[in-house]
Structure formats: structure tokens, C-alpha cells
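This report concerns only the one structure given below.
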Amino acid sequence: MASSKNSYDPKTTDPPLLERSSEIKSYTTTRATYPGLRVFFRRHQQADRLPKSPAPIPLLVFIHGLGGSVAQFHPLLTSLTPIASCLAVDLPGCG
1 MASSKNSYDP KTTDPPLLER SSEIKSYTTT RATYPGLRVF FRRHQQADRL
51 PKSPAPIPLL VFIHGLGGSV AQFHPLLTSL TPIASCLAVD LPGCG
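Numbering (the UniProt record's numbering), first residue to last: 1 to 95.
Written out as C-alpha cells, the structure reads:
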């Protein structure tokens with residue numbers, strides 16, 4: 001089936017931050033194998049220099065709702081990646 005002109009294609013529609021820091025990975029759980037999940041991860045630029053005690057800045061995790069995608073978090077990721085490590089996942093059937 002030919003793709004629609006308005007269809008979502010992350011290769012052509014993602015902003016540079018998402019394009020540079022995302023990859024497609026396969027994950028296996030005890031119940032299923034997910035062969036192609038898009039995962040965004042960007043480690044804080046100064047992570048090695050952050051103090052270890054008290055606890056360092058936590059990893060920020062972004063999980064979209066039904067019908068969403070990592071792309072909807074772009075404004076937040078742009079603002080928060082300079083201050084903390086961030087992880088976002090496109091769940092199966094979405095993104």
C-alpha cells in the first residue's frame with residue numbers, strides 16, 4: 001500500500017534532536033518480543049561531573065498515551081536534556 005502524503009514518517013518528520021538521539025531496538029520480555037521499538041536516550045552532557053552524593057539528578061522517563069509518539073515530547077526533551085538524562089519510548093502499535 002502506498003504511503004499517504006500526510007502519514008507520519010519519523011525519518012522525514014522528526015526534529016534533529018529526536019533524529020540524532022533515537023534508535024530502533026528489539027526488546028524481549030517473558031511474554032513477548034518487540035522487534036522494533038523506537039527509543040530516545042540522551043545522557044546529560046555533564047553526567048560524569050555531577051555529584052554522586054546526594055543522589056544525582058534522576059533519569060527522566062517519557063511514556064506517551066494511546067496514539068501518541070515520542071515526537072509529541074520534543075518541546076520537553078529540548079528543554080530538559082540540558083539539565084537531566086532523558087529516555088522516551090514509542091510503545092508497540094504507536095509512534
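Virtual Cβ for every residue (Gly too), placed ideally from N, Cα, C.
I need the DSSP call for Ala88, collapsed to helix, strand or coil.
On the sequence shown, position 88 is the one that residue 88 refers to. Strand.
Ala31 classed as buried or exposed, judged by whether at least 16 other C-beta atoms fall within 10 angstroms
Position 31 of the sequence shown, counting from 1, holds the residue named residue 31. Reading off the sequence, residue 31 comes out as Arg, not Ala. Label assigned to Arg31: exposed.
Could you check the C-alpha separation between Ser3 and Arg49 for me, to the nearest Å?
Position 3 of the sequence shown, counted from the start, is the residue given in the question as residue 3. Position 49 of the sequence shown, counted from the start, is the residue given in the question as residue 49. Unreliable positioning characterises Ser3 in this predicted model, as indicated by a pLDDT of 46, which lies under 50. A coordinate reading is not provided.
Local conformation of Leu66 per DSSP, three classes:
The residue given as residue 66 occupies position 66 in the sequence shown. Three-state result, Leu66: coil.
Name, in chain order, the residues that DSSP records as bridge partners for Thr30.
Taking the sequence shown and counting its residues from 1, one reaches residue 30 at position 30. Paired residues: none, contrary to the question.
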